[in-house]
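Below is one structure, written out as structure tokens; the observations come after it.
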Amino acid sequence: MRFVDEFRDGTLARALAREIAGALPPGRHVVLMEVCGGHTHTIAKHGLEDLLPPGIELVHGPGCPVCVIPMGRVDDAIWLAEQPGVLFATFGDMLRVPGGRGSLLEAKARGADVRMVYSPLDALALARRNPDREVVFFGVGFETTAPATALTLLRARAEGTPNFSVFCNHVAIAPPLRAILDSPGVRLDGLIGPGHVSTVIGLEPYRFIAEEYGRPVVVAGFEPLDVLQAAAMLVRQLADGRCQVENQYLRVVRPEGNRRALAAIDETMELRETFEWRGLGQLPASAFRLRPAFAAWDAEARFELPADRVEDPRACQCGEVLTGAIKPFQCRVFGSACTPEHPIGTCMVSAEGACAAYYAYGRRAAGPPAKVPAR
Amino acid sequence: MSRAAQRKPRLRDEIITLAHGAGGKATRTLIEALFFEELANPLLGELGDAAVLDAAGSRLAFTTDSFVVRPLFFPGGDIGSLAVNGTVNDLAVSGARPLCLAAGFIVEEGFPTDDLRRVAASMAAAARRAGVEVVTGDTKVVERGKGDGVYVTTTGIGLVGPGVDLGPARVEPGDRVLLSGTIGDHGMAVMVARGELQLEVELASDTAPLHELALALAELGPALRWLRDPTRGGLATALNELAEAAGAAVLLAERALPVRAEVAAACEILGIDPLYVANEGKLVAVVAPEAADAALAALRALPLGREAAVVGEIAAEPERLVVLETEVGGSRLVDMLVGDPLPRIC
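Chains A and B are the protein sequences, given in the same order.
Using the working numbering, read the first sequence as starting at 1 and increasing by one per residue.
Using the working numbering, read the second sequence as starting at 1 and increasing by one per residue.
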């Protein structure tokens with residue numbers, strides 16, 4: 001497959017691994033955080049940790065939009081889905097996320113009309129086809145998916161669709177990174193920056209990480225060679241004593257981002273004063289809500305949501321996983337009470353969640369668990 | 001081995017969800033913790049594709065399968081051909097020559113007669129191709145809104161040849177894993193045919209009868225150890241079931257897995273791993289190492305096996321796990337299918 005196979009070449013991967021090992025100062029232990037769940041998935045799916053030298057440790061960041069949604073918001077989504085006449089549209093990976101009272105999938109099995117869509121525009125189309133129903137779209141994601149929700153809102157306004165609204169849970173990528181860098185005992189030497197969100201926001205929002213916190217950032221693509229090259233660029237910066245925001249994902253990310261996408265977000269959404277993040281608590285100016293001009297399409301304005309706060313389950317250590325404090329297999333319920341079939345924490349739900357990736361791809365203990373014996 | 005998987009299966013769900021029908025872990029738990037507990041008997045306990053019964057000196061394979069695919073008609077097949085081939089294939093991978101089928105239809109009030117005729121005609125064509133006939137059947141009609149057009153159940157009987165002895169217990173370290181062709185064609189074709197993805201790609205289901213491939217492999221005698229048609233849950237789930245039942249490891253090489261470029265591209269866009277996508281005309285076989293070349297040649301000599309490949313081997317360790325050597329040079333586990341974000345496909 002063109003544009004994919006080239007980035008999975010084993011010979012080039014080994015060359016990059018040698019380059020990383022060569023640039024790593026002897027005896028140095030380097031901790032890199034891949035911010036994005038997509039990177040976590042790539043690392044686990046392709047077994048990249050097998051290729052990295054032992055001096056490189058990867059910790060997994062908060063960039064999984066499903067994983068950071070607090071349970072109370074999931075309960076609100078379920079409440080919306082169960083209102084008479086509501087047709088609730090959501091991305092597939094939110095279906096199994098547990099709230100305080102089950103998941104959307106269970107609500108669907110009990111009779112709620114929950115539909116999986118691939119785009120918010122599909123939800124708007126559902127509203128057009130079902131004029132007697134209230135269609136609510138579960139807006140979830142970083143600035144990556146927020147523009148699609150924004151464009152859908154603009155279209156809903158242009159078409160005057162009366163029976164469509166968005167339950168907005170879009171979040172911003174920079175605030176959780178600052179929260180992690182501020183957390184006590186954080187041990188990070190550099191960050192593999194998220195690729196697709198950077199197509200929208202560009203490189204500027206990461207500058208504070210280099211300038212205020214003294215950690216280099218390399219924005220990276222999602223194929224195995226992208227991640228390895230980003231690790232090589234970070235190790236090179238550390239070896240050279242540089243601390244910069246660099247762009248490995250040149251074929252997709254422009255330094256200035258996508259101004260039209262940002263404008264669409266800005267036209268339809270504004271920052272909330274504060275928003276609760278799973279595992280990170282309340283973070284100021286970290287999430288979006290619809291602007292008052294879009295109240296007619298805002299589920300939070302159209303429905304009296306219960307908006308109850310739900311404590312994370314006591315056993316769940318998603319917060320420590322999301323901040324890189326522990327590895328997924330170090331969580332006390334990983335693989336026992338918390339599995340992909342019966343997740344307790346959000347990190348076990350989405351394929352991009354660090355726990356789900358570790359569980360599915362066999363990182364169930366320290367070190368490579370299951371090497372392929374030589375033929 | 002994870003702590004979770006060592007425990008006796010326990011059904012924790014209070015209600016049935018679509019995941020219980022997806023063919024992965026939840027289906028397995030439902031069968032073992034509910035159906036098997038209530039209906040327990042030694043033949044059912046083997047959890048094979050078909051039960052093999054002793055009947056007056058001959059061995060009969062006996063199996064049943066229900067089909068609820070949507071849409072009913074899709075490129076490469078329809079619910080009729082799928083229902084015939086599905087049951088023929090469950091018999092074939094038990095080492096049996098299919099003898100005859102029964103068919104049950106649950107039709108929704110209002111369903112067009114012409115469509116029902118199309119389904120029946122397609123069943124007849126598929127049955128002719130597989131050398132079987134539908135010799136008995138049943139029809140029920142349910143109220144409008146209580147069905148999804150038509151559901152079809154087929155049941156089949158086949159005759160297991162003398163000397164055929166297949167099963168996970170016969171699988172040994174060093175044995176080779178063969179696949180009769182590309183994976184993921186059926187599941188992706190049906191998903192695209194639903195028209196919800198707006199992908200402009202032409203995919204066709206691989207639905208086909210596998211009895212000729214299976215009988216050709218049976219010629220290898222005791223060197224043929226195990227056969228399966230990896231339907232719902234895909235190759236990953238079939239091989240996990242093998243690893244578990246055989247107490248062995250299955251080692252797969254990613255670069256050896258045949259996947260059609262269009263299927264690979266559609267999977268890539270949707271974030272789906274072709275290892276978990278359903279097949280309806282593919283066979284996975286375990287054979288003794290010294291018979292691997294002959295088995296490959298036997299498969300490739302038949303039209304349905306032209307793209308057959310050796311995709312992996314059996315090892316003693318890590319027991320009960322499937323391990324994939326990735327294209328880029330790492331390794332990872334391949335788990336069973338968990339949950340089901342995918343539409344109904346068979």
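No residue lacks a Cβ here, since even glycine has one placed at the ideal position from N, Cα and C.
Only a predicted model underlies this, so the values are computations on that prediction, with no experimental measurement involved.
Contact check for A:E352 and A:V59: beta-carbon distance about 15 Å, past the 8 Å limit, so the pair fails to qualify. Under the three-state reduction of DSSP output, B:R97 falls in the strand class. In summary, A:P284 is exposed, with fewer than 16 beta-carbon neighbours lying within 10 Å of its beta-carbon over all protein chains present. Burial is judged here by how many other beta carbons sit within 10 angstroms of a residue's own beta carbon; B:L101 has at least 16 and is buried. By alpha-carbon distance to B:A189, the top candidate from B:G329, B:L215, B:L47 and B:D78 is B:D78.
Contact residues of the region 312-331 of chain B toward chain A are A315, P318, L321, V323, E325, T326, E327, V328, G329, G330 and S331 (C-beta to C-beta distance below 7 Å). With respect to the 8 Å criterion, B:A288 and B:A245 are not classified as neighbours on the basis of their beta carbons. For B:A102, the beta-bridge partners assigned by DSSP are B:T136 and B:T155. Not one beta carbon of chain A lies nearer than 8 Å to the beta carbon of B:V286. Against chain A, a Cβ distance below 9 Å from B:L197 picks out Y118. Cβ-Cβ distances below 6 Å link A:P328 to V321, F334, A354, C355 and Y358 in the same chain, with the five nearest sequence neighbours on each side left out; the list follows chain order. Beta bridge pairing from DSSP links A:I56 with A:V30. A distance of 8 Å or more separates the beta carbons of A:V140 and A:A89. Sixteen is the threshold: when 16 or more other Cβ atoms of the shown chains lie within 10 Å of the Cβ of A:P194, as they do, the residue is buried.
The Cβ neighbour count for B:K146, taken over all protein chains shown within 10 Å, is under 16; the residue is labelled exposed. R12, I15, I16, T17, L18, A19, K25, A26 and T29: these are the residues of the region 6-37 of chain B whose beta carbon lies less than 8 Å from some beta carbon of chain A, given in chain order. By the Cβ criterion, the region 227-247 of chain B is in contact with the region 305-324 of chain B, since at least three pairs of Cβ atoms, one from each stretch, lie closer than 8 Å. DSSP lists A:G63 as the beta-bridge partner residues of A:C36. Closer than 8 Å at the C-beta level to chain A, one finds these residues of the region 251-268 of chain B: L251, A261, A264, A265 and E268. CA-to-CA, the gap between B:L299 and B:L166 works out to about 18 Å.
Contact check for A:G202 against A:L238 fails: the beta carbons are separated by 8 Å or more. Residues of chain A with a Cβ closer than 8 Å to the Cβ of B:V52 do not exist, since the nearest Cβ in that chain sits about 31 Å away.
The residues A298, in chain order, have a CB closer than 8 Å to that of B:E219 in the same chain once the five nearest residues on each side in sequence are set aside. A:E49 carries a helical assignment under DSSP once its states are collapsed to helix, strand and coil.
At a cut-off of 8 Å, the C-beta of B:G187 has no neighbouring C-beta in chain A. The region 156-186 of chain A is shown to contain whole beta strand (DSSP E) runs of 3 or more residues at 164-170, in chain order.
Linking B:D175 to B:R255 through their CA atoms gives a straight-line distance of about 19 Å.
The Cβ neighbour count for B:P42, taken over all protein chains shown within 10 Å, is under 16; the residue is labelled exposed.
Partner residues in the beta bridge of A:Q282, as assigned by DSSP, are A:E276.
By the C-beta density criterion, A:L250 is exposed, having fewer than 16 other C-beta atoms within 10 angstroms. Across the set A:I180, A:P343, A:R332 and A:W297, the C-alpha of A:W297 shows the shortest separation from the C-alpha of A:A150.
A distance of 8 Å or more separates the beta carbons of A:P98 and A:R278.
With respect to chain B, the C-beta atom of A:A351 has a partner C-beta closer than 8 Å. Using a C-beta cut-off of 8 Å, the region 256-265 of chain B makes no contact with the region 52-60 of chain B, since fewer than three inter-stretch Cβ pairs fall below that distance.
Using a C-beta cut-off of 8 Å, the region 147-162 of chain A makes no contact with the region 174-189 of chain A, since fewer than three inter-stretch Cβ pairs fall below that distance.
Counting C-beta atoms within 10 angstroms of its own C-beta, B:K140 has fewer than 16 neighbours from the protein chains shown and is therefore classed as exposed.
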